[in-house]
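Novice:
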Amino acid sequence: AMGRLGAFAGLPPEAARNEVLFRASPASVSGAPHENGRVYVAEAPPALSAELAEWLCPHNHRLAALLTQAALVGALQSDMPWLHAAVARCRE
């Protein structure tokens, strides 16, 4: 996905540094690549989470449409499972 995004932006192929995506970060406790090393000790109140999710829904739909139409992802479910889940939650 990063290579396709870079090509779409007009960057040379070597600009996509795949080793960053497939190497565990120093914060990883599992030794596997992951989004970040943050650990949250509290959760947002349910009312705030619901309000934020409602605000994000149209933006997630537009992002999913852009990525799909520009062929930057093959399938949301496999290439960007977090976005696929977020869009599915909007339909509930």
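For the sequence shown, counting from 1, position 12 maps to 31 in the working numbering; every step adds exactly one. Cβ atoms here follow ideal geometry from the backbone N, Cα and C, with glycine treated the same way.
1. Within 10 angstroms of the Cβ of A107, are there 16 or more other Cβ atoms? Answer buried if so, exposed if not.
2. If you measure between the beta carbons of L91 and L102, is that distance less than 8 Å?
3. Using DSSP with H/G/I as helix, E/B as strand and the rest coil, what is P100?
4. For the alpha helix (DSSP H) that contains R23, what are its first and last residues?
Specialist: Reading off the structure:
1. With fewer than 16 Cβ atoms within 10 Å of its Cβ, A107 is classed as exposed.
2. no
3. helix
4. R23 -> alpha helix (DSSP H) spans M21 to F27.
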